[in-house]
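The structure appears right after this line, and notes come after that.
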Amino acid sequence: MTAVATLGPVTPIALRLPEPTGPHPVGARALHLVDHARSDPWLPVEQPRELMLTLWFPAAAPGTRRNGYLTPLESELVLRAGHVVGLPPDVLSTTRTHAYDDVPVADRTGPLVLLSPGFGKPRAILSGLAEELASHGYLVAGIDHTHESAATTFPDGRLATCLAGNSRRNGAFWEKLVAGRAADASFVLDELTRDLEPSGIAMAGHSVGGASALTAVSADPRIQAGVNIDGTVYPALLEPGLATPFLFMGRAAQYTRGSGPAADTWETAWALLTGWKRWYTVRGALHGSFTDIGLLGEQAGLDAGAALPADRVSRLTRDHVRAFLDLHLLGKPAPLLESEELVHAGA
174 MTAVATLGPV
184 TPIALRLPEP
194 TGPHPVGARA
204 LHLVDHARSD
214 PWLPVEQPRE
224 LMLTLWFPAA
234 APGTRRNGYL
244 TPLESELVLR
254 AGHVVGLPPD
264 VLSTTRTHAY
274 DDVPVADRTG
284 PLVLLSPGFG
294 KPRAILSGLA
304 EELASHGYLV
314 AGIDHTHESA
324 ATTFPDGRLA
334 TCLAGNSRRN
344 GAFWEKLVAG
354 RAADASFVLD
364 ELTRDLEPSG
374 IAMAGHSVGG
384 ASALTAVSAD
394 PRIQAGVNID
404 GTVYPALLEP
414 GLATPFLFMG
424 RAAQYTRGSG
434 PAADTWETAW
444 ALLTGWKRWY
454 TVRGALHGSF
464 TDIGLLGEQA
474 GLDAGAALPA
484 DRVSRLTRDH
494 VRAFLDLHLL
504 GKPAPLLESE
514 ELVHAGA
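Below, the structure is given as structure tokens:
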């Protein structure tokens, strides 16, 4: 569906991420990793798998230079891939973030959270969640899964586009993609833990990134907790009897029990999980409501037809994910998560 802005042509657009609620200023830096042990699965010739990351972290003090959201070209390609019209093509490049790119890491021993975005989307769309977590002391690594995003820019200026989008998107395609993302996550952990000493590790993701988080939790015992945000999952990739704590959170229209094939995948995976688990849905939310997409879209005047404002869904997402991580990585009480299954009406 095409999203159309309702703003007039001379209306200035000032997009900004939600203010983090934690006590720490937030830093961010881009990292370029190369896995020489694996080939990129989407290239026609054999080349090592390259990944771009953003590491968000608690900083000792605020800096002077804000971290950028996307480059102007990345903004243009992301909007084009999302069929968004009526906005300046570089509008996402001017989005105000709350992270500084000229500050050192205050604590390299805090809990580490990997974030995986949805198909075709860059790691930047989870920045609101990442900044919130980092402001509360978490180390957060957002992963661009190369050739699975509309635009990934490398330090030498090369731009990778969504080559995976040229493939036939059947069940085998999605299982290949999810398994590959789980392998990306394990490689990222290998690399980051050379320099960081995290007190705990979790992974969260949106859409197929959430499915990848579940698969990664099953495949890599270093990951102690996982979150799937509004993603259909692939139970065939899971080991039965998985005891790792896991949170499912998504649209009520898509993931209410018995509502259809997507919810059926959650039910199948749910039966395989033997540990702490939660199944939460939100009425009136759309797929993009759980990420920066819905929030920034509303600020830009886009009407996606959501019954519940995206800023409310964004707040619910950030609150529940942080409560989950606080409980399982820090041992803090989480009264927000007492019910095993819950439908949020947006109140």
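Residues are numbered in my numbering as their position in the sequence shown, beginning at 1, plus a constant of 173. We put the CB at the ideal spot given by N, CA and C, even for glycine.
Under DSSP, residue 316 forms a beta bridge with 226.
Between residue 273 and residue 198, the beta carbon gap of about 7 Å places them in contact (Cβ cut-off 8 Å). Contact between the segment 311–326 and the segment 289–300 is established, with three or more Cβ pairs separated by less than 8 Å.
Per DSSP, the beta-bridge partners of residue 203 are 227.
Bridge partners of residue 239 according to DSSP: 273. Of 234, 499, 316 and 402, the smallest CA-CA separation from residue 278 is found for 234. The continuous alpha helix (DSSP H) containing residue 388 extends over residues 381–392. CA-to-CA, the gap between residue 517 and residue 454 works out to about 6 Å. Sorting 345, 357 and 395 by C-alpha distance to the C-alpha of residue 211 places 357 at the top.
The C-beta separation of residue 447 from residue 415 comes to about 7 Å, placing the pair in contact by the 8 Å criterion. Nearest C-alpha to residue 445 among 467, 432, 426 and 410: 410. Close CB contacts of residue 336 within its chain, under the 6 Å cut and outside five residues either way in sequence, are with 215 and 320 (chain order). Contact check for residue 284 and residue 373: beta-carbon distance about 4 Å, within the 8 Å limit, so the pair qualifies. Restricting attention to 504, 417, 371 and 386, the CA atom closest to the CA of residue 282 is found in 371. Around the Cβ of residue 300, a 10 Å sphere holds 16 or more other Cβ atoms; the residue is buried. Taking a cut-off of 8 Å for Cβ pairs, the segment 251–265 and the segment 459–475 touch, as three or more such pairs fall below it. Beta-bridge annotation (DSSP): residue 221 is paired with 212. Residue 307 and residue 315 do not touch by the CB rule: their CB atoms are close to 11 Å apart, not below 8 Å.
Taking the C-beta atoms as reference points, residue 498 is found nearer than 8 Å to residue 375. Your pair residue 452 and residue 439 checks out as a contact, with CB atoms roughly 7 Å apart and the cut at 8 Å. Where residue 493 is concerned, the enclosing alpha helix (DSSP H) starts and stops at 483–503. Excluding five sequence positions before and after residue 275, the CB atoms of its chain that fall closer than 7 Å to its own CB belong to 236, 237 and 238, given in chain order. Within the DSSP bridge table, the entry for residue 454 names 423 and 516 as partners.
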